[in-house]
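Student: Numbering (the UniProt record's numbering), first residue to last: 1 to 157. The C-beta atom is built at its ideal place from N, Cα and C for all residues, glycine as well. Being a predicted model, the structure only gives us computed values, none of them experimental.
(1) What residue range is occupied by the uninterrupted beta strand (DSSP E) comprising residue 119?
(2) Using beta-carbon positions only, say whether residue 54 and residue 84 come within less than 8 Å of one another.
(3) Tell me the DSSP secondary structure of residue 73 in three-state form.
(4) Grouping DSSP H, G and I as helix and E and B as strand, with all else coil, what is residue 93?
(5) What residues in its chain sit with their C-beta under 7 Å from that of residue 155, if we drop five residues either side in the sequence?
(6) Which value, in whole angstroms, describes the spacing of the CA atoms of residue 96 and residue 29?
(7) Just the Cα atoms here: how many angstroms apart are residue 69 and residue 39?
(8) What residues are listed by DSSP as bridge partners for residue 51?
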């Protein structure tokens with residue numbers, strides 16, 4: 001099934017660092033909404049790792065792009081609350097840093113989409129993705145993924 005027949009999708013993306021007493025981890029929350037703003041699917045993961053916040057944000061976008069492709073979607077708007085990452089992705093200019101190489105990886109993944117747009121949103125607009133990412137940790141799901149399903153992909157046309 002070709003995802004393009006389903007219209008434009010929005011993907012809210014949230015990445016964050018979590019620091020406990022004896023461990024550090026990254027939290028990722030992704031919420032996929034259809035053109036009517038209905039929840040289609042959600043993904044959350046919590047993995048032990050230590051990175052700087054910008055690298056976590058770019059890693060999150062890479063995960064979002066891979067996830068969208070696995071859903072066979074090729075028309076998407078990705079909302080994230082890290083303005084520096086949005087700026088770098090939209091400018092398509094990279095440097096020779098770890099951050100730059102991760103941006104380049106996202107740009108390369110993005111070439112397989114017919115329509116892809118990266119938009120900055122205020123952190124308060126990402127509440128659903130934030131809540132989903134927190135839920136994974138609260139459930140004790142370390143190094144695992146939590147899937148949430150909403151309406152059928154076909155229900156949004």
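Tutor: This is what the structure holds:
(1) 115-120
(2) yes
(3) coil
(4) coil
(5) Unreliable positioning characterises residue 155 in this predicted model, as indicated by a pLDDT of 41, which lies under 50. A coordinate reading is not provided.
(6) 28 Å
(7) 17 Å
(8) According to DSSP, residue 51 bridges with nothing at all.
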